[in-house]
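Engineer:
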Amino acid sequence: MPPGPASGRPYNPGVTTESLWRAWSFQPLVVGGGIVAIAFFLHGWSRLHRRRAGLAPWTRIPLFVAGVSVTVLAIVSPIDYIGERYLQWVHMLQHVLIADLGVVLLLLAVRGPLAVFFLPRNLIAALARMRALRRTLSFLLRPGVSYGVWVAVLVGWHIPPLYEAALHHRAVHDLEHLSFVLGGLLVWTQMIDPSRHERLSLAERLGYTALVFWTGQVLAYVILFSFEPLFSTYAEEPRRLLGLSPLSDQKLAGLVMMLEQTLTVGTCFLVLLRASRRRLAAVAVGEHRPA
Numbered sequence: 005m006p007p008g009p010a011s012g013r014p015y016n017p018g019v020t021t022e023s024l025w026r027a028w029s030f031q032p033l034v035v036g037g038g039i040v041a042i043a044f045f046l047h048g049w050s051r052l053h054r055r056r057a058g059l060a061p062w063t064r065i066p067l068f069v070a071g072v073s074v075t076v077l078a079i080v081s082p083i084d085y086i087g088e089r090y091l092q093w094v095h096m097l098q099h100v101l102i103a104d105l106g107v108v109l110l111l112l113a114v115r116g117p118l119a120v121f122f123l124p125r126n127l128i129a130a131l132a133r134m135r136a137l138r139r140t141l142s143f144l145l146r147p148g149v150s151y152g153v154w155v156a157v158l159v160g161w162h163i164p165p166l167y168e169a170a171l172h173h174r175a176v177h178d179l180e181h182l183s184f185v186l187g188g189l190l191v192w193t194q195m196i197d198p199s200r201h202e203r204l205s206l207a208e209r210l211g212y213t214a215l216v217f218w219t220g221q222v223l224a225y226v227i228l229f230s231f232e233p234l235f236s237t238y239a240e241e242p243r244r245l246l247g248l249s250p251l252s253d254q255k256l257a258g259l260v261m262m263l264e265q266t267l268t269v270g271t272c273f274l275v276l277l278r279a280s281r282r283r284l285a286a287v288a289v290g291e292h293r294p295a
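Numbering (our numbering), first residue to last: 5 to 295.
(1) Quick one, which of 35, 125, 112 has its alpha-carbon nearest residue 81's?
(2) Do you know offhand how far residue 258's Cα is from residue 53's?
(3) Look at the alpha carbon of residue 10 and the alpha carbon of residue 178, and state the distance between them as a whole number of angstroms.
(4) Rounded C-beta distance between residue 254 and residue 267? I'm assuming under 8 angstroms.
(5) Considering only C-alpha positions, which residue in the set 114, 22, 193, 147 is nearest to residue 69?
(6) Closer than 8 angstroms is the cut-off here; do at least three beta carbon pairs connect the stretch 72 to 79 with the stretch 37 to 44?
(7) Following the continuous alpha helix (DSSP H) through residue 334, name the residue where it begins and the one where it ends.
(8) DSSP state of residue 63, grouped into three classes?
(9) Considering only C-alpha positions, which residue in the set 261, 211, 209 is nearest to residue 224?
(10) Less than 8 angstroms between the beta carbons of residue 94 and residue 86, yes or no?
(11) Look at residue 117 and residue 204 and say whether their C-beta atoms are less than 8 angstroms apart.
(12) What three-state label does DSSP hand residue 27 in the structure shown?
(13) Note down the Cα distance separating residue 42 from residue 32, rounded to an integer number of angstroms.
(14) Tell me which residues share the same chain as residue 180 and place their Cβ nearer than 7 angstroms to its Cβ, disregarding the 5 neighbours each side in the sequence.
(15) Between 211, 63, 287, 241, which lies nearest to residue 300 when the distance is taken from Cα to Cα?
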């Protein structure tokens with residue numbers, strides 16, 4: 005891991021473009037986990053593709069690989085080092101890559117029967133026998149609970165003391181990333197519904213997506229329109245990369261969150277809205293069809 009606040013190691017006060025580009029960190033659990041996830045997916049995809057190719061199209065492979073790549077790169081690339089030390093907007097970029105874009109790509113890849121084929125059969129059988137795990141998952145996948153967990157994660161980690169703790173302690177930083185992935189998986193599952201366990205109707209999913217969108221926008225507005233820096237690590241850093249003042253950096257972080265939510269959650273809302281209109285049109289045609 006490169007030196008920085010979360011690493012607890014001293015760092016060179018000189019900041020150069022070359023030193024930033026070299027600030028990659030090899031984290032075995034993250035990289036190894038990504039490789040294992042891709043291996044599991046390819047195995048499950050090939051099993052389903054042999055049975056019913058239409059349920060496991062080739063397009064799912066690049067989606068899953070892209071989702072894993074986005075998540076891993078957000079953690080091991082210089083984004084992590086720059087974001088934890090110098091630029092709040094880069095830290096925000098890391099968060100939205102982990103919690104939204106990476107999660108969306110993964111869920112789009114495994115939606116439908118692939119969600120069941122993702123894990124090896126013997127592992128699924130073992131997990132299915134764990135009643136406590138099944139009850140916990142069933143509870144977390146209730147729409148209201150998923151939303152509550154997501155809000156707690158999203159808002160909680162932006163409370164200044166917790167935000168600062170994540171910047172200065174690696175274990176807390178890792179917990180932050182893990183919780184962002186969990187919260188993202190829960191809430192995006194409700195909107196994308198990869199397993200087709202439709203707890204929400206299409207209309208309810210539209211409302212749910214709108215609620216998620218505006219929740220994220222409210223937090224983005226707070227960050228964007230705050231009159232003073234919220235986090236001391238960035239405010240007290242004397243080396244201003246890109247010439248950004250602490251407040252300008254913070255406003256850019258709010259803008260990054262706002263735009264990312266618009267692109268991901270907003271696009272999901274439009275897709276669901278289009279599907280809803282198609283369904284209503286089909287119902288209308290059926291009602292006007294002569295007997």
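Ideal placement from N, C-alpha and C gives every residue a C-beta, glycine not left out.
Structural biologist: Considering the structure as presented:
(1) Of the candidates 35, 125, 112, the one whose C-alpha sits nearest the C-alpha of residue 81 is 35.
(2) In a straight line, the C-alpha of residue 258 is about 42 angstroms away from that of residue 53.
(3) Note that residue 10 has pLDDT 49, beneath the 50 cutoff, so the model's placement of it is unreliable and no number is given.
(4) No, residue 254 and residue 267 are not in contact; Cβ-Cβ is about 21 angstroms, not under 8 angstroms.
(5) Nearest to residue 69 by alpha-carbon distance, out of 114, 22, 193, 147, is 114.
(6) Enough Cβ pairs lie closer than 8 angstroms, so yes.
(7) The structure shown does not extend to residue 334, since the chain is modelled only from 5 to 295, so the question has no answer here.
(8) Three-state result, residue 63: coil.
(9) The residue with the shortest Cα to Cα distance from residue 224 is 261.
(10) Yes; because the gap between Cβ atoms is below 8 angstroms, this pair is in contact.
(11) Not in contact: residue 117 and residue 204 (Cβ atoms no closer than 8 angstroms).
(12) Of the three classes helix, strand and coil, the one that applies to residue 27 here is coil, per DSSP.
(13) One C-alpha to the other measures close to 15 angstroms.
(14) Counting only Cβ-Cβ distances below 7 angstroms, and skipping sequence neighbours, we find 161, 170.
(15) Absent from the structure is residue 300, since the part of the chain shown begins at 5 and ends at 295.
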